[in-house]
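Novice: My structure is below; once you've seen it, I'll send some questions.
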């Protein structure tokens, strides 16, 4: 008996498995007797499925190639476009960023801070600069400036170390002044006194200048950064003229805002002769002769303390 090539399908009436006879191209149910001529063969169906799969594969390949071409085009466009992120990633401009950054220090030694001016142009103008320390700076401190990477630029260095220098320091004690510096101040003081005599010198008048005392006052109740000082270099001056009894008075030369720089050199903001007008005619001299000073040492000291009411005496000798 010829063996039938059967393929199991489902019966629409009883749900049993239908037998398919390829030779007769028919379906039959062994349970309920249902029979039906099958219009398309399984082989045709298989070939149809294969063709569909091939068409789908071809379509997928074409779609993939189109997508790939689109991607290549977009990448190429990004590579050539100077404003694109990809272009900036590939073509980085080498920059020595800190060459265009100006650095200075403000304040006095121990209480200073750093000032930074970024003179780079374009996008680099807005690059944040981070400072490792920016308060209570002193000469010799090491400060690190740093920046983060920026798209499109290759910084040759992202950090720069600088040393704090050039800060002045208040003179707040007479011990801060060396004997040589005191001598220099005394030379300036005596020049100021001699200029006073040149302006009012009368014939036959002579004088002798003798160092008297020195006072250092520092402003009270202010932060050290804003603190100022006053240094008074005082002299006893004897004026004489033939036939007139010698006259002695006291004069003070005021030096304001004495500071020392990193090289221990003293800077002075202002020099001024202090005192009241003393008319020479009251002492037997001519009407044109006048002096700037005080009649007694007590009057000098009282006046110095009066004008320095908001200051504290920190040294005298």
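In our numbering, the protein residues as written are 1043 to 1359.
Cβ atoms here follow ideal geometry from the backbone N, Cα and C, with glycine treated the same way.
#1: From residue 1069 to residue 1055, what does the alpha carbon distance come to, in whole angstroms?
#2: Leaving aside the five residues before and after residue 1341 along the sequence, list all residues of the same chain whose C-beta is less than 8 angstroms from its C-beta, in chain order.
#3: Along the chain, where does the alpha helix (DSSP H) that runs through residue 1333 open and close?
#4: Return the CA-CA distance between residue 1168 and residue 1200, expressed in angstroms with no decimal places.
#5: Taking DSSP as the reference, what is the three-state secondary structure of residue 1099?
#6: Does the stretch 1318-1326 come close enough to the stretch 1211-1228 that 3 or more CB-CB pairs lie under 8 angstroms?
#7: Can you say whether residue 1312 is buried or exposed, counting buried as having 16 or more other CB atoms within 10 angstroms of its CB?
#8: Quick check on DSSP: helix, strand or coil for residue 1114?
#9: Rounded to a whole number of angstroms, what is the C-alpha to C-alpha distance between residue 1339 and residue 1306?
#10: Please classify residue 1215 as buried or exposed, where buried requires at least 16 other C-beta atoms within 10 Å of its C-beta.
#11: Expressed to the nearest angstrom, what Euclidean distance is found between the alpha-carbon atoms of residue 1106 and residue 1093?
#12: Find the nearest neighbour of residue 1143 within the set 1137, 1152, 1159, judged by alpha-carbon distance.
#13: Determine the closest residue to residue 1271 out of 1261, 1277, 1176, 1296, with distance taken between C-alpha atoms.
#14: Applying the 10 Å Cβ sphere with the 16-neighbour rule, what's the burial state of residue 1110?
#15: Apart from the five residues just before and just after residue 1171, which ones in its own chain have a Cβ nearer than 8 angstroms to its Cβ?
#16: Tell me which residues share the same chain as residue 1276 and place their Cβ nearer than 6 angstroms to its Cβ, disregarding the 5 neighbours each side in the sequence.
#17: Rounded to the nearest angstrom, how far is the Cβ of residue 1181 from that of residue 1151, given a contact under 8 angstroms?
#18: Might you give, ordered along the chain, the residues of its own chain that have their beta carbon closer than 7 angstroms to the beta carbon of residue 1232, omitting 5 neighbours on each side?
#19: What are the boundary residues of the alpha helix (DSSP H) that includes residue 1345?
#20: Using DSSP with H/G/I as helix, E/B as strand and the rest coil, what is residue 1058?
#21: In the DSSP assignment, find the beta strand (DSSP E) that holds residue 1161 and state where it starts and stops.
#22: How is the beta strand (DSSP E) around residue 1357 delimited, first residue to last?
#23: So the candidates are 1163, 1236, 1316, 1137; which of them puts its Cα closest to the Cα of residue 1030?
#24: Pull up the distance between the alpha-carbon of residue 1074 and that of residue 1108, whole angstroms please.
Specialist: With the structure as the only source:
#1: Computed Cα separation, rounded: 13 angstroms.
#2: 1292
#3: No alpha helix (DSSP H) holds residue 1333; the beta strand (DSSP E) holding it covers 1332-1335.
#4: 15 angstroms
#5: helix
#6: Touching, no.
#7: exposed
#8: helix
#9: 33 angstroms
#10: exposed
#11: Spanning the two alpha carbons is a distance of roughly 20 angstroms.
#12: 1159
#13: 1261
#14: exposed
#15: 1143, 1158, 1160, 1187, 1188, 1189
#16: 1254, 1255, 1294
#17: Rounded, the Cβ-Cβ distance is 5 angstroms, consistent with contact.
#18: 1251
#19: 1339-1349
#20: coil
#21: Element bounds for residue 1161: n/a, residue is neither H nor E.
#22: Counting along the chain, the beta strand (DSSP E) containing residue 1357 begins and ends at 1353-1358.
#23: The displayed coordinates of the chain run from 1043 to 1359. Any statement about residue 1030 would go beyond what the structure contains.
#24: 55 angstroms
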